[in-house]
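Undergrad: Residue numbers (our numbering), protein chains in the order written: chain A, 398 to 524; chain B, 249 to 798; chain C, 43 to 285. Heads up, the beta-carbon is just placed ideally off N, CA and C, and yes, glycines get one too. Just so we're clear, the structure is a prediction, and the values are computed from it rather than from any experiment.
1. Three-state secondary structure (DSSP) at residue 240 of chain C?
2. At the 8 angstroms Cβ level, is residue 282 of chain B part of the contact set with chain A, yes or no?
3. So, under 8 angstroms CB-CB, residue 652 of chain B and residue 789 of chain B are touching, yes? Tell me the CB distance rounded to an integer number of Å.
4. Which runs of the alpha helix (DSSP H) fall wholly inside the region 414-498 of chain A and span at least 4 residues, in chain order?
5. How should residue 441 of chain A be labelled, buried or exposed, when 16 other C-beta atoms within 10 angstroms of its C-beta is the threshold for buried?
6. Answer yes if the region 211-229 of chain C comes into contact with the region 455-469 of chain A, meaning at least three C-beta pairs across the two stretches below 8 angstroms, and no otherwise.
7. When the Cβ atoms of the region 338-351 of chain B are set against those of the region 280-296 of chain B, are three or more pairs found closer than 8 angstroms?
8. So, does the region 541-561 of chain B touch the region 612-631 of chain B, judging by three or more C-beta pairs under 8 angstroms?
9. Just the chain A side, please: which residues come within less than 8 angstroms of residue 119 of chain C by C-beta, in chain order?
10. Just how far apart, CA to CA, sit residue 411 of chain B and residue 387 of chain B?
11. Using the C-alpha atoms, what's the distance from residue 758 of chain B back to residue 278 of chain B?
12. Suppose you measure from the CA of residue 530 of chain B to the CA of residue 710 of chain B; what does that come to, to the nearest Å?
13. Out of curiosity, what's the CA-to-CA distance linking residue 456 of chain A and residue 454 of chain B?
14. For residue 504 of chain B, which of helix, strand or coil comes out of DSSP?
15. Following the continuous alpha helix (DSSP H) through residue 569 of chain B, name the residue where it begins and the one where it ends.
16. So, does the CB of residue 457 of chain A fall closer than 8 angstroms to a CB anywhere in chain C?
17. Any idea what DSSP makes of residue 386 of chain B, helix, strand or coil?
18. Run through DSSP, which three-state label would residue 511 of chain A get?
19. Can you check which of these residues, B/499, B/512, B/449, B/415, is closest to residue 465 of chain B by C-alpha distance?
20. If we require 4 or more residues per run, which alpha helix (DSSP H) segments fall completely within the region 575-616 of chain B?
21. So, does the CB of residue 206 of chain C fall closer than 8 angstroms to a CB anywhere in chain B?
22. DSSP on residue 58 of chain C, reduced to helix/strand/coil?
23. Residue 423 of chain B: which of C/222, C/237, C/127, C/216 sits nearest, CA to CA?
24. Measure the alpha-carbon distance for residue 808 of chain B versus residue 300 of chain B and round it to whole angstroms.
25. Distance, Cα to Cα, residue 401 of chain B vs residue 364 of chain B?
26. Does the separation of the CB atoms of residue 446 of chain B and residue 220 of chain C fall below 8 angstroms?
27. For residue 354 of chain B versus residue 274 of chain B, is the C-beta distance shorter than 8 angstroms?
28. Thinking just about the alpha-carbon of each residue, which of A/523, A/513, A/517, A/458 is nearest to the one in residue 128 of chain C?
29. Leaving out the 5 sequence neighbours to the left and right, which residues in its chain are closer than 6 angstroms to residue 679 of chain B when beta-carbon positions are compared?
30. Write down the C-beta distance between residue 483 of chain A and residue 491 of chain A rounded to the nearest angstrom, noting that I regard them as a contact closer than 8 angstroms.
31. State yes or no: is the beta carbon of residue 513 of chain A nearer than 8 angstroms to at least one beta carbon in chain B?
32. Note down the Cα distance separating residue 420 of chain A from residue 414 of chain A, rounded to an integer number of angstroms.
33. Roughly how many angstroms separate the alpha carbons of residue 481 of chain B and residue 407 of chain A, rounded to a whole number?
34. On the three-pair Cβ rule with 8 angstroms, is the region 709-729 of chain B touching the region 574-582 of chain B?
35. On the three-pair Cβ rule with 8 angstroms, is the region 656-669 of chain B touching the region 766-774 of chain B?
36. Nearest-angstrom Cα distance between residue 104 of chain C and residue 63 of chain C?
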């Protein structure tokens, strides 16, 4: 079975999913009554009318959250190959299991210290 | 060495710990200092456990016959709670002393490494313990040794020099010392990196730390400008460098530098891709050490950054960057020598002339020193393009002398800057020799060393590098270097003349040195003189450092 | 592109790969063009997401599933979030930065064309012609003399994930741990960047040292009101030219 045949099922699933979505939307479109009015097109049907656009300037504090997300995303990427191999390690492999575990926990520990730093500096608080 | 037993995979020491012991100590110190910085009132809660761990590790090391690293671990472990106890409400003193002691420890470990690991094999200095975990990632040879010495020494001097200055400007954040230590770790790792991945990651560690340090003064627009410029241009340079590394990998199929070297020596290897990679790597590294077409960031960044950070950047980054250049070109690209030697030689010539020319017309002292640092990158490159053992050890030695001289000069700038506000122009130096002869004298001494006049360290440095250049048949380049030195000597001497021959403006406040600044400046000046008068000791080491891991 | 197409052909030789390759290649190039031509910067960023996804698809056609997942997770996810936050931080209306003058545009085009041309020239020759050193029948490759990297390393275990794991804990442990330091430094930098109230940093000394002289005129702009940082005070920012 070639590399792509393995993904054949997945591809079929994706195609079926898209078809299902399209089908539901089409059915709903066909069956529902359509009575548009300007009132219905406003953002909030009751309350204060919305002003300006939804694209406003955001606070820089969001940036730190996004940044921490990137860092731990990268950590997850590193964890994945580690998790794949660490179970299969024993005394006969070139890497000892102890070494792999210690190395990974040093890595995580260092990152956690960064997180602790950000926490203590209060960037995770929204005051 | 002591870690040769690979038969027991469950034992931890399959890693050649000794090969990166100094960096390990510094990293641990940086992380602990960062923890202490955020622990506020409960610093002993961090200090005591860290000390216990460190003591335990030290005792274990001593029982393993590793007395020196054990001693360093025990000393650092004991020092930490003592410092916290001694300066209970002065976090930045704990940080400064902790960082300083850690750097001393790293220097001790480097010396120990040199004595036991490197010299162990007789005159063949280069040894890397071929261990599973570090196989090929590190090379402990002459480049590594000299880079470590230069970088650690610079860090050690910058800590006291900058302490009072940071307080004056109210930018003595607790992050400064950990960031400084991490930058130092990155630089030392760059000096030891023996494969492309380690090289790149180490370069990024030091660059990122320096971007943050350059922008330390949040209230100062120039500092922010410096940080942003350095970051944006540095990121582009890193991207170009990474692209070059990728192309080198495509061409050679190897990541370890010695393997790349042997692969590029084969006839089957594709030259075109390798050449492109080499070109892009040259651009990227040329940016980091500020060779001329890629130097544009230097004046603004050096001028805008806090002065102690500038001193650190000027002295240490250059050493680390040249370590990477030396290793890459001499180990990985000897097969393409016909290509990069002329190119680098032309770049060196341009750098020396252009830097000296522009330094002539500067009015601001920091900016002038920035251009002077560009010029010095050119001199150091002469040793690289000489492609000889003499050139290699010459460059390493040159970087050490340049580091101590430029540190001393920047320390004097700090002393003047502390009382006279942001900018130190040439006019403000008038008559300094009369009003405060000590600072003026030391500044003149360091400038003489930068100009390359005897009996200072800079003279020996230039002599060694120029000698290597002539031996390699690059007489034209050396002539340009001498010309540039003459031009440079003019503006260095002009400063000295301004200080000693003109009358002082009585309205200007006198420079003031804090105790840390005094110590740092005095040590730099002493080193400038010592390395100038007694160069034999280090020159011998430098000569024996020429063997590389190939 | 030709290289990738050929790589796709070499690896399996059936049409699925080639079809997928062309789909992703057209998608990737088109979205990349859209990124630099769209006027609306948010739309440009979304096109960049599409570009990342297309490149992830290209990785998949090269049978590198793990790389493809990383591309989606890190670039398509995390990095794009950063991009969008920065765009929203600067304000969508601030599109005056996009006004490149003709000279810069020309320089950019020339530079890009030179780089692209050099790369194409360097790759197309040795790797895609009949004399390709990576072709199956090439003598150097057959003799194992030349290692054509990236395409057919360690076949089995999960498209090289285990291979990456093993190298991570054998050859590249040192850079792996260094990268932890890199990320920590980056965290510190981001926190310093984002912290607003700097006048009373908690980590400053409570007792100010007395062994030093009181600075008289040092850096007046170091001690202003934090809210004034971004406006006025242009004294420190006069243009500086070379010399």
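TA: On the basis of the supplied data:
1. Position 198 of the third chain, counted from the start, is the residue given in the question as residue 240 of chain C. Because the pLDDT at residue 240 of chain C is just 49, under 50, the model does not fix this residue reliably, and the value given afterwards should be weighed accordingly. Three-state result, residue 240 of chain C: coil.
2. Looking up residue 282 of chain B in the second chain gives position 34. Closer than 8 angstroms to some Cβ of chain A, the Cβ of residue 282 of chain B qualifies, so yes.
3. If you number the second chain from 1, residue 652 of chain B lands on position 404. If you number the second chain from 1, residue 789 of chain B lands on position 541. Incorrect: roughly 15 angstroms between the Cβ atoms, too far for contact.
4. 435-438, 458-483
5. Start at 1 with the first residue of the first chain, and residue 441 of chain A comes out as number 44. Exposed is the call here.
6. Between the region 455-469 of chain A and the region 211-229 of chain C, the count of Cβ pairs shorter than 8 angstroms is three or higher; the stretches touch.
7. The region 338-351 of chain B vs the region 280-296 of chain B: in contact.
8. By the Cβ criterion, the region 541-561 of chain B is in contact with the region 612-631 of chain B, since at least three pairs of Cβ atoms, one from each stretch, lie closer than 8 angstroms.
9. For this step, residue 119 of chain C is matched to residue 77 along the third chain. Correct list: 470.
10. Residue numbering aside, residue 411 of chain B sits at position 163 when the second chain is read from its first letter. Residue numbering aside, residue 387 of chain B sits at position 139 when the second chain is read from its first letter. Near 34 angstroms, if we compare the C-alpha coordinates of residue 387 of chain B and residue 411 of chain B.
11. The residue you call residue 278 of chain B lines up with position 30 of the second chain. The residue you call residue 758 of chain B lines up with position 510 of the second chain. Their Cα atoms are separated by approximately 36 angstroms.
12. Numbered from 1 along the second chain, position 282 holds the residue referred to as residue 530 of chain B. Numbered from 1 along the second chain, position 462 holds the residue referred to as residue 710 of chain B. Approximately 23 angstroms, taken between the alpha carbons.
13. Counting from 1 along the first chain, the entry for residue 456 of chain A is found at position 59. Counting from 1 along the second chain, the entry for residue 454 of chain B is found at position 206. Taking C-alpha positions only, residue 456 of chain A is separated from residue 454 of chain B by approximately 29 angstroms.
14. The residue given as residue 504 of chain B occupies position 256 in the second chain. Strand at residue 504 of chain B.
15. Your numbering for residue 569 of chain B matches position 321 in the second chain. Residues 566-575.
16. One-based indexing of the first chain puts residue 457 of chain A at position 60. For residue 457 of chain A, the answer is yes, since a Cβ of chain C falls inside 8 angstroms of its Cβ.
17. Stepping through the second chain from its first residue, residue 386 of chain B is reached at position 138. Reduced to three states, the DSSP call for residue 386 of chain B is strand.
18. Counted from its first residue, the first chain places residue 511 of chain A at position 114. If DSSP states are grouped into helix, strand and coil, residue 511 of chain A belongs with the helices.
19. On the second chain, residue 465 of chain B is found 217 positions in, with the first residue counted as 1. Taking only the C-alpha atoms, the option nearest residue 465 of chain B is B/415.
20. Counting whole runs of 4 or more residues, the region 575-616 of chain B contains the alpha helix (DSSP H) stretches 585-608.
21. Residue 206 of chain C sits at position 164 when you count from the first residue of the third chain. No, residue 206 of chain C lies away from the interface with chain B (no Cβ there is under 8 angstroms from its Cβ).
22. Taking the first residue of the third chain as position 1, residue 58 of chain C is located at position 16. Residue 58 of chain C: helix per DSSP, three-state reduction.
23. Mapped onto the second chain, residue 423 of chain B falls at position 175. The shortest Cα separation from residue 423 of chain B among C/222, C/237, C/127, C/216 belongs to C/237.
24. Here chain B comprises residues numbered 249 to 798, so residue 808 of chain B is not present and cannot be evaluated.
25. Here residue 401 of chain B refers to the residue found at position 153 of the second chain. Here residue 364 of chain B refers to the residue found at position 116 of the second chain. Distance between the alpha carbons of residue 401 of chain B and residue 364 of chain B: 21 angstroms.
26. To locate residue 446 of chain B, count along the second chain from 1; it is residue 198. To locate residue 220 of chain C, count along the third chain from 1; it is residue 178. Yes. Within cutoff.
27. In the second chain, counting from the first residue as 1, residue 354 of chain B sits at position 106. In the second chain, counting from the first residue as 1, residue 274 of chain B sits at position 26. Yes.
28. One-based indexing of the third chain puts residue 128 of chain C at position 86. The shortest C-alpha separation from residue 128 of chain C is found at A/458.
29. As a first step, residue 679 of chain B is located in the second chain; it is residue number 431 there, counting from the start. Around residue 679 of chain B: 750, 751, 752.
30. Taking the first chain and counting its residues from 1, the one referred to as residue 483 of chain A is at position 86. Taking the first chain and counting its residues from 1, the one referred to as residue 491 of chain A is at position 94. Wrong, their Cβ atoms sit about 14 angstroms apart, outside the cutoff.
31. One-based indexing of the first chain puts residue 513 of chain A at position 116. Judged by the 8 angstroms Cβ criterion, residue 513 of chain A is in contact with chain B.
32. Your numbering for residue 420 of chain A matches position 23 in the first chain. Your numbering for residue 414 of chain A matches position 17 in the first chain. Their Cα atoms are separated by approximately 10 angstroms.
33. On the second chain, position 233 is the one that residue 481 of chain B refers to. On the first chain, position 10 is the one that residue 407 of chain A refers to. When rounded, the distance between both Cα atoms is 43 angstroms.
34. no
35. yes
36. Counting from one through the third chain, the residue named residue 104 of chain C turns up at place 62. Counting from one through the third chain, the residue named residue 63 of chain C turns up at place 21. Their Cα atoms are separated by approximately 9 angstroms.
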